[in-house]
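Chains as they are written, first to last, in the working numbering: chain A, -10 to 317; chain B, 47 to 482.
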């Protein structure tokens, strides 16, 4: 029994060990650089949900709102105007219609010379027109109001005493303290908000929270949290490719060959300069491919140093670059 | 058996975990792709070649410099701004100084003329700081220009990846005399215009010369007693010989890639058909039949196919058929009529002349007829001939009026159209293969 157990144990652990060793040598997932596309995850429930229904249903009759106010049927509109008799034919009358006047503003009257006013003749003063004095209507006298008994006791005029003064001062102090406290609270609140604001902008601007280096938060990408491939963000990779493209001068014969691409392995120093000559990884099948590969090496070396994030140096120590003469 | 104690079980587990942890997947890399390069001529610095005769060194480097500049693929750094005027072939150059001049490549050369011409060259890549190519040549005393051309070919090949074409010759029809009565004779010269020689006397009209694959024989059309006949010309001896009398006219000859047979057109009874004949035999075999005009035949570099022009479909178009004759397939479907198809020496393109829209165009297309590209359009431009590297085409252009045709070259990418200097009007160029 025992030996069987031991043998079984040994065999199992051998199998497991073999599996661990051989499976561990599997090639890592090769990821092509793809353009990032934003994707919305749409759960299938949105499409497959059955609408909620009910077995019981009553037809509730409601009248449609009426467009008209009355129930009387509409009558076809009658034609206005006299359609039975012929209208009178307009005749030429003898009345001459007056010519249309052209209303213009009166001509500006020149300023009159200050001629001495003629003395007003002593005209008889107009008699004052006797205005009929209208006697005011007798105002209805209000009923004499009965003096109401004052229900409230009119407080006697205050005698300013020292105690009141003190109380006044105390009240003032209280008010001041309250105001101070409020001001303080406000200031604190503002400070807190300011702090929070800077923290938020820090959060927004911080690379750590945005990048994929941690694998948590930020852009989602396939791979492990400890994976080391493609840990430059998409924009950083595109920026590096764009800076290499500036010096990329393929030989003209490369444009006639279909599908000719060259792959280089570039070693970079921490300051972004190229370490040594890039190694050619793709197969060189023809002299044109060889000349293109040389041109690719020249492109990488001429455009160095590259602007890359020094903190991520471990990620871009080595870069695998594919050079394609044609525009995709 | 002792049962497994807890301690040993723990040890086992920890060692197993350590084994696990020690197996690391290979370092994965950031991968990026750089697309869309722009071609700019490669900046190259060529100081004068070292030589015991400085004038000779300067002359040779001048030939190399004008060759590379004329190719349109290099931009030469001004010699006055170079850190050293004369190259040193045995020392490693100081790459940082050369990089500062803006040069991507530096050429150091040495030439000596001591009864025998000796030349060596080294091409350095300044960015990679290593040698690209190192070659030496030797020749008899008359071959100094050829050494310079071969040096240019080595530089061109090592930096562009395409074969060179500078060590070649051009045969063309030199036209002299009034426009109504031109004298047309065959002339041969180096690509850069030197060593010009006339091959025929001009008594009879000579047209459409074509090189054989080894560059030693020419075939052309000669108006012998007023009748067009195909002739062969041996370049070494200058001897000319007719291939025979077939039909009423024979014209448009071309060599096969192995140089042993000719394809040409024979006009008989109103129909023009293609015939192939082994050189030396007197029996041509008919390749096409019918009453159409089939002419302008050109073999593919592997000798398996023939491209030719035919009007069997109603208008002049380009057809391809097997080298033994048989069914021909039309490959030209663009606007206008197509003629003079020529296979490139690499076999990947066919050059042609097209007439459309009242103009002539010279262009290339793939052997299946796709990817048609027009390189040159002009009032009159035709007769393309390929450089040995299959990347440059020479043709002739005639502006019309009282002037005459001139030779031009253009590369298959449509760049660098250049006039080839000839002392007279020139047409019908033929580019020799590499002389070396």
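Note that beta-carbon positions come from the ideal geometry of N, C-alpha and C, so glycine has one too.
- DSSP three-state call for residue 304 (chain A): helix, strand or coil? Taking the first residue of the first chain as position 1, residue 304 (chain A) is located at position 315. Three-state DSSP puts residue 304 (chain A) in a helix.
- Tell me, please, whether the stretch 199 to 214 of chain B touches the stretch 454 to 472 of chain B by the rule of three or more beta-carbon pairs shorter than 8 Å. no
- Query: Could you give the C-beta distance for residue 102 (chain B) and residue 159 (chain B), rounded to a whole number, given that I count them as a contact under 8 Å?
  - Reply: The residue given as residue 102 (chain B) occupies position 56 in the second chain. The residue given as residue 159 (chain B) occupies position 113 in the second chain. About 5 Å; that satisfies the 8 Å criterion.
- Assigned exposure category for residue 65 (chain B) - 16 Cβ within 10 Å defines buried: Position 19 of the second chain, counting from 1, holds the residue named residue 65 (chain B). By the 10 Å Cβ count, residue 65 (chain B) comes out exposed.
- So which residues on chain A does residue 75 (chain B) lean against when the C-beta distance must stay under 8 Å? Start at 1 with the first residue of the second chain, and residue 75 (chain B) comes out as number 29. In chain order: 218, 254, 307, 308 and 309.
- Just the C-alpha distance for residue 155 (chain B) and residue 239 (chain A), rounded to the nearest angstrom, thanks. Reading the second chain from its first residue, position 109 is the one you call residue 155 (chain B). Reading the first chain from its first residue, position 250 is the one you call residue 239 (chain A). Taking the straight line from one Cα to the other gives about 26 Å.
- Task: With DSSP as the reference, label residue 113 (chain B) as helix, strand or coil.
- Result: Residue mapping note: residue 113 (chain B) aligns to position 67 of the second chain, counting from 1. Residue 113 (chain B) falls in the helix class under three-state DSSP.
- Item | For residue 459 (chain B), the first and last residue of its enclosing beta strand (DSSP E) | Within the second chain, the letter at position 413 stands for residue 459 (chain B). Segment: none, residue 459 (chain B) is in no beta strand (DSSP E) and carries neither H nor E.
- Query: What in chain A is Cβ-close to residue 207 (chain B), meaning under 9 Å?
  - Reply: Looking up residue 207 (chain B) in the second chain gives position 161. Within chain A, the residues near residue 207 (chain B) are 240, 242, 243, 275, 276, 277, 278, 279, 280, 281 and 283.
- Return the residue from the list B:250, B:175, B:131 and B:453 that minimises the CA-CA distance to residue 104 (chain B). Here residue 104 (chain B) refers to the residue found at position 58 when the second chain is read from its first residue. Answer by Cα proximity: B:131.
- Could you name the residues that DSSP lists as bridge partners for residue 477 (chain B)? Here residue 477 (chain B) refers to the residue found at position 431 of the second chain. For residue 477 (chain B), which the question treats as bridged, DSSP gives the partners B:216.
- Residues near residue 164 (chain B) in its chain [Cβ-Cβ closer than 6 Å; skip 5 each side]: Residue mapping note: residue 164 (chain B) aligns to position 118 of the second chain, counting from 1. Here the set comprises 158 and 184.
- Please confirm if residue 459 (chain B) has its CB atom under 8 Å from at least one CB of chain A. Taking the second chain and counting its residues from 1, the one referred to as residue 459 (chain B) is at position 413. With 8 Å as the cut-off, residue 459 (chain B) counts as an interface residue toward chain A.
- Item | contact_flag[the stretch 361 to 381 of chain B, the stretch 422 to 430 of chain B] where n(CB pairs < 8 Å) is 3 or more | no
- Query: With distances taken between CB atoms, is the gap from residue 390 (chain B) to residue 415 (chain B) smaller than 8 Å?
  - Reply: Taking the first residue of the second chain as 1, we reach residue 390 (chain B) at position 344. Taking the first residue of the second chain as 1, we reach residue 415 (chain B) at position 369. No, the Cβ-Cβ distance between residue 390 (chain B) and residue 415 (chain B) is not below 8 Å.
- Query: Bridge partners of residue 484 (chain B), per DSSP?
  - Reply: Residue 484 (chain B) lies beyond the stretch modelled for chain B, which goes from 47 to 482, so this question has no answer here.
- Test: residue 150 (chain B) CB closer than 8 Å to a CB of chain A: Indexing the second chain from 1 puts residue 150 (chain B) at position 104. It does: the Cβ of residue 150 (chain B) has a partner Cβ on chain A nearer than 8 Å.
- Task: Answer yes if the stretch 178 to 196 of chain B comes into contact with the stretch 254 to 265 of chain A, meaning at least three C-beta pairs across the two stretches below 8 Å, and no otherwise.
- Result: no
- Of all the CB atoms in chain A, is at least one closer than 8 Å to the CB of residue 84 (chain B)? For the purposes of this step, residue 84 (chain B) is taken as residue 38 along the second chain, with counting starting at 1. It does; some Cβ of chain A falls within 8 Å.
- Assign residue 122 (chain A) to one of two classes, buried (16 or more other C-beta atoms within 10 Å of its C-beta) or exposed (fewer than that). If you number the first chain from 1, residue 122 (chain A) lands on position 133. Low local confidence applies: a pLDDT of 47 at residue 122 (chain A) is under 50, so the model's placement there is unreliable, with the coordinate-based value given in what follows. Answer is exposed; the Cβ neighbour count stays below 16.
- Say whether chain B places a C-beta atom closer than 8 Å to the C-beta of residue 226 (chain A). On the first chain, position 237 is the one that residue 226 (chain A) refers to. Chain B, which has a Cβ nearer than 8 Å to the Cβ of residue 226 (chain A), makes this yes.
- Query: Is residue 237 (chain A) helix, strand or coil by DSSP?
  - Reply: To locate residue 237 (chain A), count along the first chain from 1; it is residue 248. Coil at residue 237 (chain A), not helix or strand.
- Item | Beta carbon proximity, residue 222 (chain A) to chain B, threshold 8 Å | What you label residue 222 (chain A) is simply residue 233 of the first chain in a count that begins at 1. No, because no Cβ of chain B sits closer than 8 Å to the Cβ of residue 222 (chain A).
- Message: Can you check whether the C-beta of residue 80 (chain B) is within less than 8 Å of a C-beta belonging to chain A?
- Response: Against the second chain, residue 80 (chain B) aligns to sequence position 34. Yes, residue 80 (chain B) lies at the interface with chain A (some Cβ there is under 8 Å from its Cβ).
- Looking at the structure shown, is residue 51 (chain A) part of a helix, part of a strand, or coil, going by DSSP? Mapped onto the first chain, residue 51 (chain A) falls at position 62. Of the three classes helix, strand and coil, the one that applies to residue 51 (chain A) here is coil, per DSSP.
- Item | Straight-line gap, residue 275 (chain B) to residue 123 (chain B) (C-alpha atoms, nearest Å) | Counting from 1 along the second chain, the entry for residue 275 (chain B) is found at position 229. Counting from 1 along the second chain, the entry for residue 123 (chain B) is found at position 77. Computed Cα separation, rounded: 51 Å.
- Please say whether residue 456 (chain B) and residue 421 (chain B) have beta carbons closer to each other than 8 Å? One-based indexing of the second chain puts residue 421 (chain B) at position 375. One-based indexing of the second chain puts residue 456 (chain B) at position 410. Yes, the pair counts as a contact, with Cβ atoms nearer than the cut-off.
- Query: How long is the line joining the alpha carbons of residue 317 (chain B) and residue 310 (chain B), rounded to whole angstroms?
  - Reply: By 1-based counting over the second chain, the position of residue 317 (chain B) is 271. By 1-based counting over the second chain, the position of residue 310 (chain B) is 264. Distance between the alpha carbons of residue 317 (chain B) and residue 310 (chain B): 14 Å.
- State the Cα-Cα distance for the pair residue 383 (chain B) and residue 417 (chain B), rounded to the nearest angstrom. Stepping through the second chain from its first residue, residue 383 (chain B) is reached at position 337. Stepping through the second chain from its first residue, residue 417 (chain B) is reached at position 371. Near 17 Å, if we compare the C-alpha coordinates of residue 417 (chain B) and residue 383 (chain B).
- Test item: CB-CB of residue 153 (chain B) and residue 139 (chain B) under 8 Å: Reading the second chain from its first residue, position 107 is the one you call residue 153 (chain B). Reading the second chain from its first residue, position 93 is the one you call residue 139 (chain B). Not in contact: residue 153 (chain B) and residue 139 (chain B) (Cβ atoms no closer than 8 Å).
- Task: Would you check if the distance between the CB atom of residue 355 (chain B) and the CB atom of residue 327 (chain B) is smaller than 8 Å?
- Result: Mapped onto the second chain, residue 355 (chain B) falls at position 309. Mapped onto the second chain, residue 327 (chain B) falls at position 281. Taking 8 Å as the Cβ cut-off, residue 355 (chain B) and residue 327 (chain B) do not qualify as a contacting pair.
- Item | Member of A:231, A:307, A:288 and A:252 whose CA lies at the smallest distance from the CA of residue 264 (chain A) | By 1-based counting over the first chain, the position of residue 264 (chain A) is 275. Taking only the C-alpha atoms, the option nearest residue 264 (chain A) is A:307.
- Message: Using CA atoms only, rank isn't needed, just tell me which of B:234, B:438 and B:246 is closest to residue 270 (chain B).
- Response: Position 224 of the second chain holds residue 270 (chain B). When only C-alpha atoms are compared, the closest one is B:246.
- Query: So, helix, strand or coil for residue 154 (chain A), using DSSP?
  - Reply: Position 165 of the first chain, counted from the start, is the residue given in the question as residue 154 (chain A). In this structure, residue 154 (chain A) counts as helix in the three-state DSSP scheme.
- Task: List the residues of chain A whose Cβ lies closer than 7 Å to the Cβ of residue 119 (chain B), in chain order.
- Result: Stepping through the second chain from its first residue, residue 119 (chain B) is reached at position 73. Neighbours of residue 119 (chain B) on chain A, chain order: 241.
- Message: Check this for me: beta carbons of residue 214 (chain B) and residue 477 (chain B), under 8 Å apart or not?
- Response: One-based indexing of the second chain puts residue 214 (chain B) at position 168. One-based indexing of the second chain puts residue 477 (chain B) at position 431. Their beta carbons are under 8 Å apart, which means residue 214 (chain B) touches residue 477 (chain B) by this criterion.
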